[in-house]
Structure formats: structure tokens, C-alpha cells
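**Student:** Before I ask anything, let me first share the structure, which is written out below as C-alpha cells.
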Amino acid sequence: MQTSSDRHEYPAHWEADVVLRDGGTARVRPITVDDAERLVSFYEQVSDESKYYRFFAPYPRLSAKDVHRFTHHDFVDRVGLAATVGGEFIATVRYDRIGAGGAPAPAPADEAEVAFLVQDAHQGRGVASALLEHIAAVARERGIRRFAAEVLPANNKMIKVFMDAGYTQKRSFEDGVVRLEFDLEPTDRSLAVQYAREHRAEARSVQRLLQPGSVAVVGAGRAPGGVGRSILGNIRDAGYTGRLYAVNRAFPEGWKELDGVPACRSVRDIDGPVDLAVVTVPAERVPDAVADCGEHGVQGLVVISAGYADSGPEGRERQRALVRQARTYGMRIIGPNAFGIINTSPDVRLNASLAPEMPRPGRIGLFAQSGAIGIALLSRLHRRGGGVTGHTGVSTFVSSGNRADVSGNDVLQYWYDDPETDVALMYLESIGNPRKFTRLARRTAAAKPLVVVQGARHGGVAPQGHAVRATRLPHATVSALLRQAGVIRVDTITDLVDTGLLLARQPLPAGPRVAILGNSESLGLLTYDACLSEGLRPHPPLDLTTAASADDFHAGLSRALADDTCDAVVVTAIPTVGEGAAGDAALAEALRSAAAAVPTKPVLVVHVELGGLAEALSAAASTAPQAAPGPAEAAAPAAPAQQLPAVRAPEGAHLIPAYPAAERAARALGQAVAYAQWRREAADPGKVPEYEDIDEKGAAGQIAGLLARGQGLTLGAEETCELLGRYGVHVHRALPAPTPDEAVAAARTLGYPVALKATAPHLRHRADLGGVRLDLADEEQLRRAYAELSELFGKPEELRPVVQGMAPRGVDTVVRAVIDPAAGAVLSFGLAGAATQLLGDIAHRLIPVTDRDATSLIRSVRTAPLLFGWRGSAPVDAAALEELLLRVSRLVDDHPEVVAVTLEPVVVAPHGLSVLGASVRLAPPPARDDLGPRTLPAY
2 MQTSSDRHEY PAHWEADVVL RDGGTARVRP ITVDDAERLV SFYEQVSDES KYYRFFAPYP
62 RLSAKDVHRF THHDFVDRVG LAATVGGEFI ATVRYDRIGA GGAPAPAPAD EAEVAFLVQD
122 AHQGRGVASA LLEHIAAVAR ERGIRRFAAE VLPANNKMIK VFMDAGYTQK RSFEDGVVRL
182 EFDLEPTDRS LAVQYAREHR AEARSVQRLL QPGSVAVVGA GRAPGGVGRS ILGNIRDAGY
242 TGRLYAVNRA FPEGWKELDG VPACRSVRDI DGPVDLAVVT VPAERVPDAV ADCGEHGVQG
302 LVVISAGYAD SGPEGRERQR ALVRQARTYG MRIIGPNAFG IINTSPDVRL NASLAPEMPR
362 PGRIGLFAQS GAIGIALLSR LHRRGGGVTG HTGVSTFVSS GNRADVSGND VLQYWYDDPE
422 TDVALMYLES IGNPRKFTRL ARRTAAAKPL VVVQGARHGG VAPQGHAVRA TRLPHATVSA
482 LLRQAGVIRV DTITDLVDTG LLLARQPLPA GPRVAILGNS ESLGLLTYDA CLSEGLRPHP
542 PLDLTTAASA DDFHAGLSRA LADDTCDAVV VTAIPTVGEG AAGDAALAEA LRSAAAAVPT
602 KPVLVVHVEL GGLAEALSAA ASTAPQAAPG PAEAAAPAAP AQQLPAVRAP EGAHLIPAYP
662 AAERAARALG QAVAYAQWRR EAADPGKVPE YEDIDEKGAA GQIAGLLARG QGLTLGAEET
722 CELLGRYGVH VHRALPAPTP DEAVAAARTL GYPVALKATA PHLRHRADLG GVRLDLADEE
782 QLRRAYAELS ELFGKPEELR PVVQGMAPRG VDTVVRAVID PAAGAVLSFG LAGAATQLLG
842 DIAHRLIPVT DRDATSLIRS VRTAPLLFGW RGSAPVDAAA LEELLLRVSR LVDDHPEVVA
902 VTLEPVVVAP HGLSVLGASV RLAPPPARDD LGPRTLPAY
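Everything in the sequence shown is counted per my numbering, starting at 2 for the first residue and increasing by one.
This is the structure we're talking about:
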């Protein structure tokens, strides 16, 4: 690519695919000497006005000298990037490093002049904004800290690109030219701008797939049956509102129609635009189909065909080639090996899937990486929608198959804005970008519930076909981090549907207090126990007796809902002999009318073989959000003060979900209570405190000096204490004691009483093995303890004994922080000891941790009562422990080179705490793509 005279090799890692504002994609790559013809062709398609804005004068064509200059770069002081679609340039950007006087200069000059040129046909697509992100990242990599740009005042579009980027800027006007200067260091605002652009682009790319104006099914066969013919029939039978075409190269010449659908031999033969192509041909014929689609301007693909990464290494390479080919044309892909997509909106009515029936329209969005699980989800919602729980249907459904391109992250971006989706249900077998998923999940969950069940939790490997980043975190940790982000984590598909149906039909509870009433004392008691098991606070069940009428149920439910000490109601019901369908309908109407009078509290039904009641409860079909009550409804009981203000009761809140077992209802309600609590807390996430005694600059200097020794190292005791001390974390002093005499000398230095500890790896933090002696009051006791340890465990050089002053008695805890390459920086807390390790009782939070995070972190372990006065013990100093967590979080957040910190044990006393052991590991930090320019996963 580049000649030998260039100072650096071709930087292939600068190549990237990006999603543009309109949902299409483009390839960003360095410009090389081989691009001369492309550059000339590109320039010829730029308008005279755009050329004038670029060169400040009429410039109809590029000279040979210009072409040479714009295609020969050293990739250090002179860099050019191009955005390409179909292999052709649609935009370019370049920088030239300059010195103080504005003349070209080599490093260490840290300023560069930057200039853009975008084809007029592609202006307004966000190409320049994407190129600015990428050229800024390149410049930072090459030691450039500031860009300067000169723009004509009339070039408002380019001025807006620079001004909207979010960087710290300085603007001046001189000699008829606007001069903009801006630092390239990412700021909170520049990251917010980048995330907002990413959201708009990715949401739009999914919208183009789910709301196409025209669809072509490529591979629809003439013979009945077959995947293509089935999907064509499903789209037609669903009443798709757009234009539909059947495509198959095997159609005879002149073949015009298949099953009443216009037929063509190639997508290229279709007269008019095609927004979406559903590809069902065998894998070996897919490249030709993709090429036809790309040349015709198709916007996106759903690839049903299998035989890709799901079939081994050869198929994986075929899948990479598929993605590269589609992106060349600016298309996004769902699949391959996908089950399909569904959109029940009356404006679309698209069933481009293998599901033979269109699901009922509703407010639930479904995403499944597995086609089989997708079928199960659709089936269960359809079955329960017609029987047990009423007509709660689907807004959109996406089965991503091998998830080669469009992923759950993209669909979350779409659902966040989608007014037709109130609840999102996801089945995930892998999370390709946990850091991004957590960020998007937190934002989505603040607006609408997100329920996730994760498969392959314990398999250790991702399903074939899924490109997943390596993470060192166990599944339990990842789950905890998802819960911190507001994700409702469930374990089974049954729980996914149960919880989703409740959230789609009922308001969020204001708290955990549950009233239980019904006509069966035994079923009420089972429900009471189930609620306790889920951490709820149930009232004693109210037994209406088996003779209870519909009016009795109405009165009982009305009283329960009016009770200010009740946040939710579970109604239990058993069949009434002899009443039949009429009785079921009367009971259903009684419950619905009572619930409708207080739409701020959720109501659930636990029933036993009540098909008639379940169907009666299913009478209404809408779960759209309800408008604010009008004046005529002012007489309805007011919501309690603790009710979430942002939560709207669904329209027809009288749609009451019913469950065939008490534990299923209680589990769904428990999830709703926890989510509602998260919503309340997320409204005030807290802050990261500032501590005046933190020496951030000194720590940075120490870390840089230590890393100069090598790529990664575990610090010694003195270095660890010094670094932690700069952040106000003081480690209890411990002195080495390689001989009994040196142990005595250390004790005299520290002062009695002391502890004698063996620090050999197999004995460290294992008090249960007897490697620790505490409260040694004098020299005699110390020498005796030293002899006992040597007799039990071996020579001192094997024990590595240390002497440490005694700390105040308290509860032993452990604090850890680690930077995971996939999930990011994670802070963990738990109580010390074998029981905690055995039970895995450790809580986790993403760094940076806020004061609210720290407060909840120490209270979220199951052994937390030991910290707060369990069985009459003295409560510990929780404030000191929270401050320690916040200081460790600040250290890791400020210095990503600190890749691991362990404080063990941390003894928390009633007043203060003592850090008795600490270790710190330094290494070059893992690359953070969330701070870099927007890119799609590489293939």
C-alpha cells in the first residue's frame, strides 16, 4: 500500500465501519497512494460551492501535485482518512501537523490543521461528524493534542460540525475567515455528544430494518414449502402494508407473479427501491444475492440462511466475508442463521420470520439470539395471551441468529425511542460488549423495564457464531453489574414471560407491602410464604371463604387497594362449584372494576384451573400507556406519596395478570418491586465525592515511574502503602520477621500487643489454618508463638512471618477492585472468611462508585447484618467503610494503570477501620473503545 519512504507502516487498526445518522454504514480507512483515481473521481462529484468552501477559491479540479499531496502520507505528521461506500470515496479528512507559526512541523509539535470535504449527495448523513471522531483519535495516538481549522463564515455546516463536537474550543475571526481551535482530550460533553449520535444512528439503522417500505424475499421457490416460500407467505398473510417481491434466479424468463406477489429473477430487476431483503438462499449463493442487493441500493438484510459460524471455522470465515461485503454497500445484517423479524404495528404488519402466525399486537419487545428460544417466547406469549393472562402482545421481535452485525445493543437503541414498546424482554446467550450493554441498559431501564434471561451461563464458552470479548469476571459478577444497571435478571424463560406480562399490564409497586385475599385459606398461606421467600412483606392473608361471591371479591379488593399500608394485592381464587362461565365472568368483572378504581397499585391473580376466569380477565386487548387522569376522575383515591412519579399505569390497568402458581406470581412481583426501587434510586444516583487530601498528581508520577520498570508488576509492600496513602488509604504497618530476634525488635518498634502472621501464599488470609497468632502481649508470648508456627509450618523462609500491631476488634471484610477488559473497572466487597468464599457472597459495582453506590454495596451482601448489630453485637462504622470504598474507586478511576487492588482484611470496628493487608498491581490499561470513535465490531 504505502511506499518504503513512508515513516510508518500502513495503520490497519485505523480501519473501521461506522453507522451514519440515517442508519446506513460507511467504511473509514487511511488514504494511500493507491487511491489517486478514487480521489480524482470523488472530487469530480463535489459541487463547485463545496470546493470553494474547502479551498477558499474556485478550484474546479485537482492538479497532479494536489493528488500526490493528498494521497501520500507518513501517518504521523500528515494523515488522511476517507469514508467509503461501495469502495468509492464519499468524504475525506486530513490533518497536517503545524508549529507555533502555523508552518508544517514535526513532533513534538502537538497542534495540527484539519480540513474536510464531503460529497454533496452525502451531506447531512453525519459523515463529517464520524470522520472528526476518527481523525481526532488518530491525532491523539500520534501525540497531537489540539486541532485548528479555518472555515469561511458562510460554511455553516462545517462550523456546526466543529461547534457541536463537544470539545473545549476557542473561536476567532480574522481576515474574513473563522478560525476554530479545540483540544482533543475527550470531555464529558464530547462523550455525551458521541453517545447521542451513536444512539440516533444505531436506532435508525434498526428502524430501517423493522419498518421497511418494501421487502424482497430472495430465494422464494416455486414449489410449495421451503423456507423462502414460507416466509413470503407469512409476510403476505400478515397483511404487510408495503410492497412485497419474490426473487429467485430459478424463475423462468417472463415469470411475473408468485402467490399473487410480483416476482423477479434478481433484485436488480425490481422497478423501484427495496428497503429490506430477506435472504433464504443456500450459503454459497448468498454473496451473489448480497451483491445484487447492494447494487440496487437495498438498505438492510435479514439472512435466514445457515452454514456460517454455526458450522465451524470455514463457516466463520464465510460469515466474516458476508459482513464485510454487506458493509461495503452500507447495509446492516440481522443474522445469518436468523429466525426473522416481526413488527405488529398496524402501519407495518411485517412478519418476515418463520413464525406461521403473526403475534397479537402489544407493548412487549422481544429479542432472542436463539431461534428456538424465539419460537418458545412467541408461543408462550401467544398461548398465555389467549388464555391465562389476556391479550398482552408483541410490538417487535428480532431473532439475531449468529449476531454477526445487528446485536442486542442495537435493538436496545431502537426500543428506547420506540413509542410502541413499553417493556423489553431479551434472551441472550452472550454479551459481546458488556461495557456498552450496561451503559445502554441503564439508560433504557430508567425509561422502561428491561428483563433479561441469559443462556449458556455455566458453559464457559459462547455459542458458535457469536463474537464475544473475553472477560475474566464470573457470571455472578456480570449478573450483579447488570442488576446495578437496572436490568431485571431472571433465570428461566417462564420467569421472563411472567415478569414481562406483569410489567406490561400493571403499574410499578411503591414498595414491598403485599395484601393477600381470596376464597382459599390454603392458597392464601402458600402465597404468603412465597412472598416472604421473594423478600416481600405480605400482610396476613384475608380469607373470604369458599362461599365468597363476586361482590365479596370486589369489596375485599377495594378495601385492600384503599389501604395506605398496602403497595400491591395478590388475589387467590379456586373454582366455585356450580357457577360455571357466568360466575367466572362476574368474578373477572368484579376484580377489573375494583382494580380500575385505583390504577396506581398492581393487582395479580393466583388461580387454580380457572380457564373461564382467565379468559374473562383477558377481555380487553390494549396495554398502551394511559393518559393523565382528567378532572372527572379526581374522586379516585390518590397515589401514595412514595409512588414513582414517572411510572404510568397502563391503559386498561384492569387487565390483571393471572398465574397458575403462587410462587410464580410472587417471583414476578418481587422483580417488579426491586425494579421500582432501582427506578427511585436511579432518579438520584448520588455523586462521586471529592477528597482534598488525595494527591492525584503525585500518584500519577509514582505510577509512571514504577511502570518504567516493565509492562506489569505487583508492587512491594512499601510501594503499595505509599500509593494507597496518596489516596487516603492507610495500611496498618507490618514489619518482616525472618528470625525470632527480628520479630522481637519489630514488636518493640510497633508496641505491644502485636500479631504474628505467616504471609506465605498458601497461608495468607487463612486464619483457619492456624497461621496467625493474635494479642501477643510481651516478648515471651511472641517467641513462643514464633516457635509454634515454625514447628507447625516449617522454616521462617517458608512462612515469611511478619509482625503487625493489633488493630481494634471488629468485622473482617475484603475490598477488591479489578479492571476487566470487557466489563471495565469493577469494585467488589464482601466479608472475609471461608463461608463467604464458599457461598460466593460478594457484591459488585461498576467504577466510578457514587456515595449511594457505596452505601448500597455494603448492604447488598447476605452477611450484611453482621455489620449492623446482628444478635446484639456493636454496629460497625459504616461511614468509614463507605469512604474507603469511595477512595479505592477514585484511585482506580483516576489511574487506569492500577489494574488490581486487594485490601484484605479490612477490620471495621465500631469507630474507624484498619487495613491490615494490601496488594496493588500495575499494568498498561486495557484499551477502552467506549472513549474512542464510534465503530461497529470488526470483521
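Note that CB positions come from ideal geometry on N, CA and C, so glycine has one too.
From a predicted model like this one, the values you see are computed outputs, not experimental measurements.
#1: Is there contact between the stretch 317-326 and the stretch 353-373, where contact requires at least three CB pairs shorter than 8 Å?
#2: Can you tell me where the alpha helix (DSSP H) with Ser534 in it begins and where it stops?
#3: Can you tell me which of the three DSSP states Lys449 falls into?
#4: Cα-Cα, which of Tyr53, Val34, Ala596 is closest to Lys66?
#5: Decide yes or no for the touch test of the stretch 85-95 against the stretch 29-44: beta carbon pairs closer than 8 Å, at least 3 of them.
#6: Take Thr961 and list the residues in its own chain whose beta-carbon comes closer than 7 Å to its own, dropping the five residues that flank it on each side.
#7: Suppose you measure from the CA of Val129 to the CA of Ile136; what does that come to, to the nearest Å?
#8: Once DSSP output is grouped into helix, strand and coil, what is the label at Ala597?
#9: Quick check: what's the CA-CA separation for Pro658 versus Pro510?
#10: For Ala224, is the classification buried or exposed, using 16 other Cβ atoms within 10 angstroms of its Cβ as the cut-off for buried?
#11: Is the beta carbon of Ala818 sitting closer than 9 Å to the one on Ser890?
#12: List the DSSP bridge partners of Phe183.
#13: Alpha helix (DSSP H) containing Gly856: first to last residue?
#14: Is the CB-CB distance between Leu82 and Leu21 below 9 Å?
#15: Can you tell me the Cα-Cα spacing of Thr814 and Ala113, whole angstroms?
#16: For Val924, which residues from the same chain have a beta carbon less than 6 Å from its beta carbon, with the 5 sequence-adjacent residues on both sides left out?
#17: Taking buried to mean at least 16 other C-beta atoms within 10 Å of its own C-beta, is Phe252 buried or exposed?
#18: Taking all protein chains shown into account, do 16 or more other C-beta atoms lie within 10 angstroms of the C-beta of Asp544, making it buried, or fewer, making it exposed?
#19: Whole angstroms are fine: how far does the CA of Val119 sit from the CA of Val152?
#20: Would you mind sorting Glu296 into buried or exposed? The rule is 16 or more other CB atoms within 10 Å of its CB.
#21: Would you mind sorting Asp694 into buried or exposed? The rule is 16 or more other CB atoms within 10 Å of its CB.
#22: Once you ignore the five residues that flank Leu764 on each side, which residues in its own chain have a CB closer than 8 Å to its CB?
#23: For Asn156, I'd like the list of residues in its chain whose CB is within less than 7 Å of its CB, leaving aside the five on either flank, ordered along the chain.
#24: Can you look up Leu53 in the DSSP assignment and give me helix, strand or coil?
#25: What separation, rounded to the nearest whole angstrom, lies between the Cα atoms of Ala637 and Gly24?
#26: Do Leu892 and His733 have their CB atoms nearer than 9 Å?
#27: By Cβ distance, which residues of its chain are closer than 8 Å to Val194, with the 5 residues on each side in sequence left out?
#28: Among the candidates Phe869, Ala919, Arg935, Glu905, whose CA atom is the shortest distance from the CA of Pro911?
#29: Taking the Cβ atom as the reference point for each residue, do Arg944 and Val908 lie within a distance shorter than 9 Å?
#30: Leaving out five residues on either side along the sequence, give the residues of the same chain with a beta carbon under 7 Å from the beta carbon of Ala13.
#31: Three or more C-beta pairs under 8 Å: does that hold for the stretch 266-274 against the stretch 236-248?
#32: Helix, strand or coil for Glu258? Go by DSSP, reduced to three states.
#33: Could you give the distance in angstroms between the alpha-carbon of Ala27 and the alpha-carbon of Gly331?
#34: Is Cys294 helix, strand or coil by DSSP?
#35: Please state if the CB of Pro739 and the CB of Glu780 are separated by a distance shorter than 9 Å.
#36: Where does the unbroken alpha helix (DSSP H) through Tyr787 begin, and where does it stop?
**Tutor:** Working from what's here:
#1: no
#2: As a first step, residue 534 is located in the sequence shown; it is residue number 533 there, counting from the start. Per DSSP, Ser534 belongs to the alpha helix (DSSP H) from 522-534.
#3: Here residue 449 corresponds to residue number 448 of the sequence shown, with the count starting at 1. Reduced to three states, the DSSP call for Lys449 is coil.
#4: Position 65 of the sequence shown, counted from the first residue, corresponds to residue 66. The residue with the shortest Cα to Cα distance from Lys66 is Val34.
#5: yes
#6: The structure shown does not extend to residue 961, since the chain is modelled only from 2 to 940, so the question has no answer here.
#7: On the sequence shown, residue 129 is found 128 positions in, with the first residue counted as 1. On the sequence shown, residue 136 is found 135 positions in, with the first residue counted as 1. It should be noted that the sequence gives Ala, not Val, for residue 129. Spanning the two alpha carbons is a distance of roughly 10 Å.
#8: As a working note, residue 597 is residue 596 in the sequence shown. Note: Ala597 maps to helix in three-state DSSP.
#9: On the sequence shown, position 657 is the one that residue 658 refers to. On the sequence shown, position 509 is the one that residue 510 refers to. Whole-angstrom Cα-Cα distance: 14 Å.
#10: As a first step, residue 224 must be located in the sequence shown, where it is residue number 223. Flag for Ala224 reads exposed.
#11: Position 817 of the sequence shown, counted from the start, is the residue given in the question as residue 818. Position 889 of the sequence shown, counted from the start, is the residue given in the question as residue 890. Yes, they are a contact pair.
#12: Walking along the sequence shown from the start, residue 183 turns up at place 182. For Phe183, which the question treats as bridged, DSSP gives the partners Phe148, Gln170.
#13: On the sequence shown, residue 856 is found 855 positions in, with the first residue counted as 1. Gly is not the amino acid found at residue 856; the sequence shown has Thr there. Per DSSP, Thr856 belongs to the alpha helix (DSSP H) from 852-860.
#14: To locate residue 82, count along the sequence shown from 1; it is residue 81. To locate residue 21, count along the sequence shown from 1; it is residue 20. Cβ atoms of Leu82 and Leu21: not closer than 9 Å.
#15: Taking the sequence shown and counting its residues from 1, the one referred to as residue 814 is at position 813. Taking the sequence shown and counting its residues from 1, the one referred to as residue 113 is at position 112. Straight-line Cα distance between these residues: approximately 51 Å.
#16: For this step, residue 924 is matched to residue 923 along the sequence shown. Note that residue 924 is Ala in the sequence shown, not Val. Around Ala924: Gly713, Val900.
#17: In the sequence shown, counting from the first residue as 1, residue 252 sits at position 251. Under this definition Phe252 is a buried residue.
#18: Here residue 544 corresponds to residue number 543 of the sequence shown, with the count starting at 1. Classification of Asp544: buried, given that the 10 Å Cβ count is 16 or more.
#19: Taking the first residue of the sequence shown as position 1, residue 152 is located at position 151. Taking the first residue of the sequence shown as position 1, residue 119 is located at position 118. Roughly 14 Å between the two C-alpha positions.
#20: Working through the sequence shown from its first residue, we reach residue 296 at position 295. Counting C-beta atoms within 10 angstroms of its own C-beta, Glu296 has fewer than 16 neighbours from the protein chains shown and is therefore classed as exposed.
#21: In the sequence shown, counting from the first residue as 1, residue 694 sits at position 693. It is exposed - the Cβ of Asp694 has fewer than 16 other Cβ atoms within 10 Å.
#22: As a working mapping, residue 764 is identified with position 763 in the sequence shown. If we look at Leu764 and ignore the five residues flanking it on each side, its Cβ neighbours are Leu770, Gly772, Phe794, Leu800.
#23: Position 155 of the sequence shown, counting from 1, holds the residue named residue 156. Excluding residues within five positions, the ones whose Cβ falls inside 7 Å are Tyr54.
#24: Here residue 53 refers to the residue found at position 52 of the sequence shown. The residue you asked about is not Leu; residue 53 is Tyr in the sequence shown. Helix, per DSSP.
#25: Translated into positions along the sequence shown, residue 637 becomes position 636. Translated into positions along the sequence shown, residue 24 becomes position 23. Below a pLDDT of 50, predicted positions are generally treated as unreliable, and Ala637, at 33, falls in that range; no measurement from the model is reported.
#26: If you number the sequence shown from 1, residue 892 lands on position 891. If you number the sequence shown from 1, residue 733 lands on position 732. It is not a contact, given that the beta carbons lie outside the stated cut-off.
#27: On the sequence shown, residue 194 is found 193 positions in, with the first residue counted as 1. Correct list, in chain order: Asp165, Ala166, Gly167.
#28: As a working mapping, residue 911 is identified with position 910 in the sequence shown. The option with the nearest alpha carbon to Pro911 is Phe869.
#29: It is not possible to answer for residue 944, since the shown part of the chain is limited to 2 through 940.
#30: Sequence index remark: in the sequence shown, residue 13 carries index 12 (1-based). Excluding positions up to five away in sequence, the list is empty.
#31: yes
#32: Position 257 of the sequence shown holds residue 258. Looking at Glu258 - three-state DSSP - the assignment turns out to be strand.
#33: As a working note, residue 27 is residue 26 in the sequence shown. As a working note, residue 331 is residue 330 in the sequence shown. Whole-angstrom Cα-Cα distance: 6 Å.
#34: Here residue 294 is taken as the residue at index 293 of the sequence shown, counted from 1. Cys294: helix per DSSP, three-state reduction.
#35: Taking the sequence shown and counting its residues from 1, one reaches residue 780 at position 779. Taking the sequence shown and counting its residues from 1, one reaches residue 739 at position 738. Result no, Cβ atoms of Glu780 and Pro739 do not sit closer than 9 Å.
#36: Along the sequence shown, read from residue 1 onward, the residue named residue 787 stands at position 786. Here the alpha helix (DSSP H) through Tyr787 covers 780-794.
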